[in-house]
Amino acid sequence: MRILLKFLLGTALVIVGIAALMFVPSPQPTAPKPWEITIMPDEQIEVMGVHLGSTSYAEIQQLWREAGEVALFMTENQNISAEVFFESINLGGLSARVVVNLLVDEDELNSMASRAASAKLQPSGARRYDPAFDDKHRLLTAPVIAITYIPTVRIDADMLLHRFGEPENISDEAEESSAQIWHYPQFGLTIRLHPDERTVMTYIAR
Numbered sequence: 676m677r678i679l680l681k682f683l684l685g686t687a688l689v690i691v692g693i694a695a696l697m698f699v700p701s702p703q704p705t706a707p708k709p710w711e712i713t714i715m716p717d718e719q720i721e722v723m724g725v726h727l728g729s730t731s732y733a734e735i736q737q738l739w740r741e742a743g744e745v746a747l748f749m750t751e752n753q754n755i756s757a758e759v760f761f762e763s764i765n766l767g768g769l770s771a772r773v774v775v776n777l778l779v780d781e782d783e784l785n786s787m788a789s790r791a792a793s794a795k796l797q798p799s800g801a802r803r804y805d806p807a808f809d810d811k812h813r814l815l816t817a818p819v820i821a822i823t824y825i826p827t828v829r830i831d832a833d834m835l836l837h838r839f840g841e842p843e844n845i846s847d848e849a850e851e852s853s854a855q856i857w858h859y860p861q862f863g864l865t866i867r868l869h870p871d872e873r874t875v876m877t878y879i880a881r
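Now the structure itself:
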């Protein structure tokens, strides 16, 4: 009987110990924040783990653990671009909608548009093309040249000053708009700040 009691007691202690370990938080890597900007040796910036001009679409998928949705856009002036939409990413507890622009030769983009699975006219007058399967695969290797980051939470001027410092200059978006554009050319960054709309941060390769 004593042996059985000792066995049961020992088993209970082991179970309690394992349960306690389950509630001990394991160290997690700190995700880069949108205000943590590094100037790289090639004078480009790195932000949110992305080295503009170098990091590819495929690498972003691994970094952010999101596939994104790639599309081609052609404006009324026949300017064409490749963009990837991430409806929601979460980095370090911060959620945002993100759009990235890919660096692809214009002739190649036009060829992709001619092979597109579908094309839809947008309210802006631009056309959106859904690339063919093989072209989507090719776009995975294209480097990112711009990131548009739209955080879920409302960010005010005080928060921007605290995180990014004083902008080099502030301009009004338009006479009929209440939005301001904050310029940080040293970071390739512009921030659109509106009292009633979500803040838009745009990082562009220099």
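The sequence shown begins at 676 in my numbering and counts up by one. Don't be surprised by glycine CBs; every beta carbon is placed ideally from N, CA and C. This structure is a prediction, so every number in the text was calculated from the model and none was measured.
Close Cβ partners of residue i (< 7 Å) along its chain, the five nearest in sequence each way excluded
{"i": "methionine 715", "result": "Glu721, His726"}
{"i": "proline 870", "result": "Ser853"}
{"i": "alanine 763", "result": "First, the residue type needs correcting, since residue 763 is serine and not alanine in the sequence shown. Counting only Cβ-Cβ distances below 7 Å, and skipping sequence neighbours, we find Ser770, Arg772."}
{"i": "glutamate 718", "result": "Arg881"}
{"i": "threonine 832", "result": "Note that residue 832 corresponds to alanine in the displayed sequence, not to threonine. Correct list, in chain order: Leu868."}
Own chain, CB closer than 6 Å to residue i, minus 5 neighbours either side, in chain order
{"i": "alanine 792", "result": "Asp805, Ala807"}
{"i": "glutamate 744", "result": "Phe760"}
{"i": "tryptophan 739", "result": "Ile764"}
{"i": "glutamate 851", "result": "none"}
{"i": "arginine 873", "result": "Ile825"}
Contacting residues, own chain, Cβ-Cβ under 8 Å from residue i (five flanking each side not counted)
{"i": "valine 875", "result": "Thr823, Tyr824, Ile825, Ile866, Arg867"}
{"i": "tryptophan 710", "result": "Arg838, Phe839"}
{"i": "isoleucine 845", "result": "Gln855, Ile856, Trp857, His858"}
{"i": "threonine 877", "result": "Ala821, Ile822, Thr823, Tyr824, Leu864, Thr865, Ile866, Arg867"}
Beta-carbon proximity check, residue i vs residue j, cutoff 7 Å
{"i": "isoleucine 830", "j": "alanine 880", "result": "no"}
{"i": "lysine 708", "j": "glycine 767", "result": "yes"}
{"i": "alanine 757", "j": "leucine 814", "result": "yes"}
{"i": "glutamate 777", "j": "alanine 746", "result": "Here the sequence assigns leucine to residue 777, which means glutamate is not the residue at that position. In this structure, alanine 746 does not lie closer than 7 Å to leucine 777 by Cβ."}
{"i": "aspartate 810", "j": "methionine 834", "result": "no"}
{"i": "phenylalanine 862", "j": "isoleucine 712", "result": "yes"}
{"i": "alanine 801", "j": "phenylalanine 748", "result": "yes"}
Backbone secondary structure at residue i - three-state DSSP
{"i": "tryptophan 739", "result": "helix"}
{"i": "glutamate 841", "result": "coil"}
{"i": "glutamine 797", "result": "coil"}
{"i": "methionine 876", "result": "strand"}
{"i": "arginine 881", "result": "coil"}
{"i": "serine 729", "result": "coil"}
{"i": "glycine 692", "result": "The predicted position of glycine 692 is uncertain, since its pLDDT is 45 and thus under 50; a value taken from the coordinates is nonetheless stated next. Of the three classes helix, strand and coil, the one that applies to glycine 692 here is helix, per DSSP."}
{"i": "aspartate 810", "result": "helix"}
Residue i - partner residues in DSSP beta bridges
{"i": "phenylalanine 748", "result": "Ser756, Arg803"}
{"i": "arginine 867", "result": "Ile856, Val875"}
Proximity test, Cβ basis, 7 Å: residue i and chain B
{"i": "lysine 795", "result": "Protein chain content of the structure displayed is limited to a single chain, and chain B is not contained in it."}
Nearest-angstrom beta carbon gap, residue j and residue i [assumed within contact, 8 Å]
{"i": "glutamine 797", "j": "arginine 803", "result": "6 Å"}
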